[in-house]
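Read through the structure below, which is laid out as structure tokens, and then see the notes.
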Amino acid sequence: MHNDPEVIVRSPQELIGDLNEQQAQAVQFRGPALLIGAGAGSGKTRVLTRRIAWILTRFGAWPSQILAITFTNKAAAEMRERLSTLIGPVAQRMWVSTFHSACVRILRRDGERIGLKSGFTIYDTADCERLVKLIATDFNIDVKRYTPRQILARISDYKNGLTGVRETLAQYAPDFRPGTRGFRVGHIGNVEELYAIVYAEYQHRLALANAVDFDDLIVRTVELLRTQPDVAEYYRRKFRYILVDEYQDTNHAQYVLVRELAGVDSGERPSPDAVGAGRQGPAWITVVGDSDQSIYAFRGADISNIQDFEQDFPDARTIMLEQNYRSTQTILDAANAVIAHNEGRKPKKLWTAAGKGAPITGYAADTAQLEAHWIAHEIRWLHEEEGVRYSDVAVMYRANAQSRSLEEGLIQAHVPYQLIGGTKFYERREVKDALAYLQAIVNPADGINMRRILNVPKRGLGARAESMVTAWADERGLTFWQGVEQADRIEGMTTRTLNPLKRFAAMMTQLRAFAAEHDRQPSQVVAEVLAQSGLLEELQKSTDPQDQSRVENLSQLQSVAAEYEQNTPDATLAGFLETTALVADSDQLPDEAEDTGKVTLMTLHTAKGLEYPVVFLTGMEQGTFPHSRAMEDTSELSEERRLAYVGITRARRQLYITRAAVRAQWGRASEMMPSQFLDEIPDELIDWKRREAGVERMRSGWGRGSDGGSSYGRGDDWDSGLDEFGGWDDDFDEPSYGGSSYGRSSYGGSSYGSSSRSRSSGDTAPRFGSAARERSSSSGNGGAHFSYGVSGSSPTSPRSSLRFGSTASASSRSGKVTTRRTSPKSSPKPVSALDKDNRLDINDFHVGDKVSHDSFGLGTVLETQDKGRNSIITVDFGSDGVKRLMLRVAPIEKL
DNA sequence: TTCGGTTGCATTTTT
DNA sequence: TGCAACCGAA
């Protein structure tokens, strides 16, 4: 067996001695195709790295024969790090990277073969949008009706599905030729034609600019491998083992890429007596994934890639890892219960040897601000009283917009935090401007970036100058930059425009020369650009305090470049730009072992693959999570649920779930119903510190008065001390409630601000013990969910749950109620979701019934879910699709 | 051409 | 609420 002398040989004992049966099997598996079904926290990274070491030492593979694909750069770096400790520094030279980085590397080497010149530019989403907008304007397309975003989404779909321009044109617009000057779409027969035309023109202009977008990195690599047999041959001989992590999130293009790289379809037979993949035949493939954690369908991820793996790859074998080493049984029970609501999945149950652990803590706040406030103080208490490190706590949310209130809460409570994601560093205006200079220097054909910097900083070259140069250059088939260079030939050009144009051209020429001389020192080029362009000067002169931080960002960009320069042996300016184009949010995350002393805030999507001892899952409301745009579609709702599953399984010891009854969205306060996912977690797993928000309690309180309270069961509120009526409903009886100023001014910091109040819950409930929990949890779950009424299957009559809604708001309602009522009086009180009730009873609906919906028309009931006030009805509206509707608010009528 | 003001619109999630 | 795009004036 030929072993690379640089690879540290590990004994089988070292590689599998500490693994469980399934893990050990996965590490050792000998065969062309292996799917490791790795549930959350089942130690898949460990298995993956051990398997690589196994392949190297037991199958006798060379490090250069391995291609390992991860989802983010950070995951790649981490895997490389772990490999280093296992097999030595050779790991640093191995191909361990994301799909996108690997493709860039391949395209840099052989892209010329398909017309990509070296130094090609990678456009980010903003660049792509500018390009589409440009095209839309040229073609006279109404961008209000067809937003660049929409168009790009469609283009991206085409690309992820490997549908080329040629095919779409042939099908929808056979007469269109890209690059045709003066083309006007005018009135399009159908939208498909429009999409096909823009797609074609978009690709055409990308090619002219020597640029690619994110999707192209994959697509064009596939194209390269498919059209250039010798190139494909080279990589097939090189990579004998391909390992793909997070396989459930691959799209069709990536799937095909893997097949092409592996040579699965080449028809070659493997060497008969090889120990491993040998020298010929398809490479051996290992994929790792968990279909329950597929959360990127919106980006084209195709869950069937993983589901069909065994059919797709001959002699494939599946090994499931179901033992979880991360979380407590309570947390896993919650996760299992939630994900079990998804239909059509292979049943799978995670288990742990770790024991039950603490219950999940629930909290219902009145507003998003108060939710943040409670979380912040809970975290501080955990830190100060329980000795929990801040860096062991993560706060997660569905959408970036939610981070703001959480940040404010943490700041007020003096809890240090770091925010991951949001507007990325490289997307900030000033950083993007500086990068645009660099791109334009490396690749002057790049019209998008060249145009961006033409008048930044201001040099009197506005829209008019730009369009004159563009028109002149277009007519002659030249690039924008060539137009600028030859500006004095343009007729009708005034000296007033010509002079700054000439100065701009001279500056860029000079910068290009400088960059050519200092190609190995990108940081020098950055410095030169900042100085020569006047970018820095303009910001330094400004009095706007924001510009101060912009200066700092630019200086940080320079530091990043310097760092890249030091860490990269063959550093180039183009290489530096690549690294900036392919960063992900998660790449900002600190190393696992590092104690930053800060709480981490991030979206659920960026949290994938991470784990924290303490996790806060926030904004558990209908419309927030699940997101309103995903609530009505069954498959999108399933994806939301998988996202919830991902969130829950991030927690190791303690999980918090919180919601707000009122949340400001688009500047308006609206009332939020509890998330249906809360209903899906078994009640006995949750210890509600506060089950109902004040608003809700006030209503149910009235209901109790008139109804005797029998139908609601006893909430835990009655014995929890903190949430006794007194002190709370006073606030809510204030006449100002419901107005826009509600949230913060009335009690943002004053009555609730002192931490003693919020702490009173903590006094009696230590987090990681279980003894003191008994009190609240045993008494706290007397019935079904307290606030939403009781389901029809309970002893209570179904009617009573209806009365709940109607008594609560009877005063504000008269006669027939529609859900889209516009209040005749200009009362400041918003139409409340809690008030809404069309008085339909879920028990009146049965599968197969016909209903009529105000906007979707006629439909057939597919399913009814009785959840009392939260009852959901699933209806097939034919061409309008299958919708899940909340019965209480749906504008439907039984026929 | 630039600046300043007003209006109108928007929120998924991201390599 | 906050930002971006558009419009009109200097």
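Going by UniProt numbering, the first sequence opens with residue 1, and the numbers climb by one from there. Quick reminder that beta carbons are idealized off the backbone N, C-alpha and C, glycines included. Every value quoted in this text rests on a predicted model; they were computed, and no experiment measured them.
S852: member of the beta strand (DSSP E) spanning K850 to H853, first to last residue.
For V96, the uninterrupted beta strand (DSSP E) segment begins and ends at W95 to T98.
Bridge pairing for L858: S852 [DSSP]. The bridge partners DSSP lists for F616 are V395 and Y656.
Under the Cβ criterion (8 Å, minimum of three pairs), the stretch 416–434 counts as touching the stretch 595–612.
DSSP, reduced to helix, strand and coil, places S42 outside both helices and strands of the structure shown, so it counts as coil.
Taking C-beta separations shorter than 8 Å and ignoring five residues to either side along the sequence, the partners of V442 in its chain run G119, T121, A515, L573, A574 and L577, following chain order. The Cβ-Cβ distance between A651 and V615 falls below 8 Å. Distances from the alpha-carbon of R690 to those of A660, P178, D679 and E680 put A660 closest.
H627 carries a strand assignment under DSSP once its states are collapsed to helix, strand and coil. By the C-beta density criterion, I8 is buried, having at least 16 other C-beta atoms within 10 angstroms. Taking C-alpha positions only, A38 is separated from I87 by approximately 24 Å. For A644, the closest of I295, H373, Y363 and A693 by C-alpha to C-alpha distance is I295. Two segments are said to touch when three or more pairs of C-beta atoms, one from each, lie closer than 8 Å; by this definition the stretch 147–158 does not touch the stretch 479–487. Of the residues assessed, N499 falls on the exposed side of the cut-off, its CB having fewer than 16 other CB atoms within 10 angstroms.
For the pair of segments examined, the stretch 532–541 was found to touch the stretch 428–438: the number of CB pairs separated by less than 8 Å reaches three. R51 and V27 do touch by the CB rule: their CB atoms are close to 5 Å apart, below 8 Å. When the beta-carbon positions are compared, L321 and A372 stay at least 8 Å from each other. DSSP, read as helix, strand or coil, puts L589 in coil. Annotated three-state conformation of N160 is helix, per DSSP. Following the DSSP letters along the chain, one finds Q293 in no beta strand (DSSP E), marked with neither H nor E. Selection D544, K349, Q524 and E611 evaluated against A571 yields Q524 as nearest (Cα-Cα). DSSP places T70 in the uninterrupted beta strand (DSSP E) bounded by I66 to T70.
In this structure P522 touches E565 by the C-beta definition: roughly 6 Å separates them, less than 8 Å. Around the CB of E621, 16 or more other CB atoms lie within 10 Å, so the residue is classed as buried. At least 8 Å separates the beta-carbon of A207 from that of V165. For W666, the secondary structure class from DSSP, reduced to helix, strand or coil, is coil.
Sequence-distant partners of Q588 (beyond 5 residues in either direction) whose C-beta falls short of 7 Å from its own C-beta, in its chain, are I420. For A173, there is no enclosing beta strand (DSSP E), since its DSSP letter is neither H nor E.
Going by C-alpha positions, Q548 is about 15 Å away from F425.
At the C-beta level, F313 and V244 stay beyond 8 Å of one another. Remark: fewer than three beta-carbon pairs, one from each stretch, lie closer than 8 Å, so the stretch 142–153 and the stretch 233–240 are not flagged as touching. Within the same chain, Cβ atoms closer than 7 Å to the Cβ of Y202 are found at L131, V132, I135 and I155, the five residues on either side in sequence being excluded. Look at the stretch 2–42 and you find these whole runs of beta strand (DSSP E), each 3 residues long or longer: 33–38.
Taking a 10 Å sphere around the C-beta of D230, we find fewer than 16 other C-beta atoms and assign the residue as exposed. T618 counts as buried, since at least 16 other C-beta atoms from the protein chains shown sit within 10 angstroms of its C-beta.
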